[in-house]
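Colleague:
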Amino acid sequence: MVMPNMGAFIAWGLITALFIKAGWLTGIFAGLRDPGGWVAQIGGWGDFADGGVVAPMITYLLPILIGSTGGRMVYGTRGAVIGAIATMGVIAGSDIPMFLGAMIMGPLGAWAMKKIDAIWDGKIRPGFEMLVDNFSAGIVGLIMVVFGFFGIGPIVSAFSRAAGNVVDFLVAHDLLPLTSIFIEPAKVLFLNNAINHGVLTPLGTTQALETGKSVLFLLEANPGPGLGILLAYMAFGRGTARASAPGAAIIHFFGGIHEIYFPYVLMKPRLIAATILGGMTGIFVNVLFGSGLRAPAAPGSIIAVYAQTATGSYLGVTLSVFGAAAVSFVVASLLLKTDRSTDDGDLVAATAEMEALKGKKSSVASALVGSKASGPITRIVFACDAGMGSSAMGASVLRKKIHGAGFTDVKVTNQAISNLTDDYGLVVTHQDLTARARQKTPSATHVSVENFMNAPQYDEIVDLLGSVNGAAGAAGGPTAEAAAEDEPAEDVLNVNSIVLAGTATTRDAAISEAGRLLVACGAVEPAYVDAMHEREGSVSTYMGNGLAIPHGTNEAKDSIRRTGISFVRYAEPIDWNGKPAEFVVGIAGAGKDHMALLTKIAGVFLNSDEVARLRDATSAEEVQSVLGGAGG
Numbered sequence: 028m029v030m031p032n033m034g035a036f037i038a039w040g041l042i043t044a045l046f047i048k049a050g051w052l053t054g055i056f057a058g059l060r061d062p063g064g065w066v067a068q069i070g071g072w073g074d075f076a077d078g079g080v081v082a083p084m085i086t087y088l089l090p091i092l093i094g095s096t097g098g099r100m101v102y103g104t105r106g107a108v109i110g111a112i113a114t115m116g117v118i119a120g121s122d123i124p125m126f127l128g129a130m131i132m133g134p135l136g137a138w139a140m141k142k143i144d145a146i147w148d149g150k151i152r153p154g155f156e157m158l159v160d161n162f163s164a165g166i167v168g169l170i171m172v173v174f175g176f177f178g179i180g181p182i183v184s185a186f187s188r189a190a191g192n193v194v195d196f197l198v199a200h201d202l203l204p205l206t207s208i209f210i211e212p213a214k215v216l217f218l219n220n221a222i223n224h225g226v227l228t229p230l231g232t233t234q235a236l237e238t239g240k241s242v243l244f245l246l247e248a249n250p251g252p253g254l255g256i257l258l259a260y261m262a263f264g265r266g267t268a269r270a271s272a273p274g275a276a277i278i279h280f281f282g283g284i285h286e287i288y289f290p291y292v293l294m295k296p297r298l299i300a301a302t303i304l305g306g307m308t309g310i311f312v313n314v315l316f317g318s319g320l321r322a323p324a325a326p327g328s329i330i331a332v333y334a335q336t337a338t339g340s341y342l343g344v345t346l347s348v349f350g351a352a353a354v355s356f357v358v359a360s361l362l363l364k365t366d367r368s369t370d371d372g373d374l375v376a377a378t379a380e381m382e383a384l385k386g387k388k389s390s391v392a393s394a395l396v397g398s399k400a401s402g403p404i405t406r407i408v409f410a411c412d413a414g415m416g417s418s419a420m421g422a423s424v425l426r427k428k429i430h431g432a433g434f435t436d437v438k439v440t441n442q443a444i445s446n447l448t449d450d451y452g453l454v455v456t457h458q459d460l461t462a463r464a465r466q467k468t469p470s471a472t473h474v475s476v477e478n479f480m481n482a483p484q485y486d487e488i489v490d491l492l493g494s495v496n497g498a499a500g501a502a503g504g505p506t507a508e509a510a511a512e513d514e515p516a517e518d519v520l521n522v523n524s525i526v527l528a529g530t531a532t533t534r535d536a537a538i539s540e541a542g543r544l545l546v547a548c549g550a551v552e553p554a555y556v557d558a559m560h561e562r563e564g565s566v567s568t569y570m571g572n573g574l575a576i577p578h579g580t581n582e583a584k585d586s587i588r589r590t591g592i593s594f595v596r597y598a599e600p601i602d603w604n605g606k607p608a609e610f611v612v613g614i615a616g617a618g619k620d621h622m623a624l625l626t627k628i629a630g631v632f633l634n635s636d637e638v639a640r641l642r643d644a645t646s647a648e649e650v651q652s653v654l655g656g657a658g659g
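FYI, the working numbering numbers position 555 of the sequence shown as 582, with every residue one higher than the one before it.
This is the structure in structure tokens:
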């Protein structure tokens, strides 16, 4: 919840560093006649103590972003809205920055909305969906605001004050370095983000708001202990670990990816003592010098650390980082040199163990040691811009191949790239979209295709499933997805939307012709046709086997009144980006009721006899019958 919004935290930290009363710009303008002016207005001090940007950002913006992100993780865009509304309850019901409350109320509000939506899913009469959706969201939002205000807000406030008192006690009694005994082992067990962003960041932000800096931002983020471990492997390690340590050190120290050194500790667990002593050294130096950061350093790179270092803390922060690295290096070197085991350690196995603790692949660690994912693939997604036409068709073809090979337990779905989440084993996209899909799903295996109907990569995917999933299960009865595909499609392809002799001679004219049929049957608004052209400008909708299926962008779904499909046949094939398109099927999908017909269309165009029937059809009813018997 915090990491996607770290840019906002950094922005707040930079604004704080520049504009608060003790900030950099205040010192620069101190000699002028008006030391306040615009600097004080932004910082919210002096004659402008009731305004500024610093306090509203930390009080409202940052918690609402966290709550909204938590809601989106649970229930997409609808969950994000409810999560933001629910977060306002805990913000108003407390007197401290409500990060922890946002982490609770954001997902909780989205979960409640998801459960309530499930009660009447599929039971709302057509035309009343928007009314029910909006008012139900408003009512749930109201309830969650009240619950957050009176319930969660006071509880989290009390917890935060108690945690703050514990930190104050540790600082007052010079015991803060002892926190490394818990923090460093927890980091290696992949609780680093939970500790840093779930506990230390909220407490440190509250402290920084009062004092302008906090040492808590460096308890976990200090790159020194990890650097010392990797330097020790460079000097005294063996085998793959020694060879890969220099690259890991660069990624860790300058890139800020701390997880890169976790496998090196898991491979030799006794090295945890080196990270603990190094962490304690860094914290002791910061406490001794009274140094700290203005905002979180994320990722924990030395560059990010210096960017957030408070004025007057540069010496202490520098000594804390390199002091921690030096102690960690000395202790780790001693442990490695005195290690009498003949086993060099298995870095690949340690990386796999780290990934198991993390719950997903580590792209940097896997790349460094050359390891590959070996777990079974249970979910495959075919993704495109809108998630309705190309992806639905490709998913249908791929699903038939996979289930036909006996892998009936593998779920194949289609999705818009913008809605992808990083929990799929394999992602299939058009070759022009693969780079975008990788950004959304970095942990998945990615396959690029050019021809959606009969791409050779589909057979390779089946072979891949055979190698990573083992023997295919018995393909006896139909799966739930297959059963759904066999259900008759509803009235989405009307005979009035079928044209047997198209008049267009170019790709763009053919898109317009198919789009006008969708408008004429009342399925879409005219603006949707423009979105069909926009979609074609980014990625071709040519599917192969003489078929093109133009459709709108994901953003154009508001222009869809109901699901509709149009069909146009051309005596002379259209030049579709160098490919011959004899049949053009326009698609507007408002829900999932067009998926069954798309599946049937995919099956038709994989069968040369059925394509011949379409080519020879003399009536719209005959075309309708070939494409699956959609009602008219």
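Don't be surprised by glycine CBs; every beta carbon is placed ideally from N, CA and C.
What's the call for residue 569, buried or exposed, on a 16-neighbour Cβ count within 10 Å?
Modeller: Its Cβ being crowded by 16 or more others within 10 Å, residue 569 is buried.
Colleague: Along the alpha helix (DSSP H) that carries residue 64, what are the first and last residues, could you check?
Modeller: It spans 64-70 - the alpha helix (DSSP H) in which residue 64 sits, taken as one unbroken run.
Colleague: Tell me which same chain residues have a C-beta within less than 7 Å of the C-beta of residue 262, skipping the five on either side of it?
Modeller: So the list reads 360, once near-sequence residues are dropped.
Colleague: Just how far apart, CA to CA, sit residue 239 and residue 230?
Modeller: Distance between the alpha carbons of residue 239 and residue 230: 13 Å.
Colleague: Closest to residue 316 by C-alpha separation, out of 634, 322, 342, 464, would be which residue?
Modeller: Ranking 634, 322, 342, 464 by Cα distance to residue 316 puts 342 first.
Colleague: Can you give me the C-alpha to C-alpha distance between residue 167 and residue 113, rounded to a whole angstrom?
Modeller: Distance between the alpha carbons of residue 167 and residue 113 is about 9 Å.
Colleague: Rounded to whole angstroms, what is the Cα-Cα separation between residue 538 and residue 486?
Modeller: Between residue 538 and residue 486, the C-alpha separation is close to 31 Å.
Colleague: Short check: CB of residue 97 to CB of residue 129, under 9 Å?
Modeller: Contact flag set, yes.
Colleague: When you compare the CB positions of residue 71 and residue 109, do they come within less than 9 Å of one another, or not?
Modeller: No.
Colleague: With 16 as the cutoff for other CB atoms within 10 Å, does residue 277 come out buried or exposed?
Modeller: Exposed.
Colleague: Check whether the Cβ atoms of residue 165 and residue 242 lie closer than 9 Å to each other.
Modeller: Cβ atoms of residue 165 and residue 242: not closer than 9 Å.
Colleague: If the criterion is Cβ atoms closer than 9 Å, does the pair residue 613 and residue 576 meet it?
Modeller: For residue 613 and residue 576, yes; Cβs fall inside 9 Å.
Colleague: Please classify residue 187 as buried or exposed, where buried requires at least 16 other C-beta atoms within 10 Å of its C-beta.
Modeller: That one is buried.
Colleague: When you compare the CB positions of residue 227 and residue 244, do they come within less than 9 Å of one another, or not?
Modeller: A contact, by the Cβ cut-off of 9 Å.
Colleague: On a CA-only basis, which of 290, 265, 326 is nearest residue 37? Give me that one, please.
Modeller: The option with the nearest alpha carbon to residue 37 is 326.
Colleague: By the 10 Å Cβ neighbour count, where 16 or more other Cβ atoms means buried, how is residue 458 classified, buried or exposed?
Modeller: Classification of residue 458: exposed, given that the 10 Å Cβ count is below 16.
Colleague: By the three-class DSSP mapping on this structure, what secondary structure does residue 461 have?
Modeller: In this structure, residue 461 counts as helix in the three-state DSSP scheme.
Colleague: Roughly how many angstroms separate the alpha carbons of residue 48 and residue 455, rounded to a whole number?
Modeller: When rounded, the distance between both Cα atoms is 53 Å.
Colleague: Quick one: measure Cβ to Cβ for residue 305 and residue 252, integer angstroms, because I've assumed they're closer than 8 Å.
Modeller: Residue 305 to residue 252, Cβ: 4 Å. Contact.
Colleague: Quick test of your reading: residue 596 and residue 582, contact by CB under 8 Å. State the CB separation rounded to the nearest angstrom.
Modeller: Wrong, their Cβ atoms sit about 30 Å apart, outside the cutoff.
Colleague: Alpha carbon to alpha carbon, what distance is there between residue 39 and residue 444?
Modeller: Their Cα atoms are separated by approximately 30 Å.
Colleague: CA-CA distance, residue 294 and residue 255?
Modeller: Distance between the alpha carbons of residue 294 and residue 255 is about 16 Å.
Colleague: Please say whether residue 565 and residue 548 have beta carbons closer to each other than 9 Å?
Modeller: No, they are not a contact pair.
Colleague: Which residues in the same chain as residue 19 place their Cβ atom closer than 7 Å to its Cβ, once the five residues preceding and following it in sequence are excluded?
Modeller: A query on residue 19 cannot be resolved here, the shown segment of the chain reaching from 28 to 659 and no further.
Colleague: Since residue 571 sits in a beta bridge, which residues does DSSP pair it with?
Modeller: 574.
Colleague: So, residue 258 versus residue 352, is the Cβ gap smaller than 9 Å?
Modeller: Yes.
Colleague: Per the DSSP calculation, residue 438 is bridged to which residue(s)?
Modeller: In DSSP, residue 438 forms a bridge with 406.
Colleague: Measuring CB to CB, does residue 580 end up less than 9 Å from residue 562?
Modeller: Yes, these two residues count as a Cβ contact at 9 Å.
Colleague: Taking the alpha-carbon positions, what's the residue 447 to residue 365 distance?
Modeller: Rounded to whole angstroms, residue 447 to residue 365 spans 49 Å at the Cα level.
Colleague: By the three-class DSSP mapping on this structure, what secondary structure does residue 396 have?
Modeller: In this predicted model, residue 396 has a pLDDT of only 47, less than 50, meaning its place in the structure is not dependable; the value taken from the coordinates is given anyway. Of the three classes helix, strand and coil, the one that applies to residue 396 here is helix, per DSSP.
Colleague: Identify whether residue 597 lies in helix, strand or coil by the three-state DSSP scheme.
Modeller: Residue 597 falls in the strand class under three-state DSSP.
Colleague: Going by beta-carbon coordinates alone, are residue 639 and residue 527 separated by less than 9 Å?
Modeller: Not closer than 9 Å, so no.
Colleague: Evaluate residue 157 with the Cβ neighbour count: other Cβ atoms within 10 Å of its Cβ, from every protein chain shown; 16 or more gives buried, anything less gives exposed.
Modeller: It is exposed - the Cβ of residue 157 has fewer than 16 other Cβ atoms within 10 Å.
Colleague: Looking at the unbroken alpha helix (DSSP H) that takes in residue 274, where does it start and where does it end?
Modeller: Looking at the DSSP string, the run of the alpha helix (DSSP H) that includes residue 274 is 266-282.
Colleague: Using only the alpha-carbon positions, how far apart do residue 643 and residue 649 sit?
Modeller: Their Cα atoms are separated by approximately 10 Å.
Colleague: Taking Cβ positions, are residue 322 and residue 43 nearer each other than 9 Å?
Modeller: Yes, the Cβ-Cβ distance between residue 322 and residue 43 is below 9 Å.
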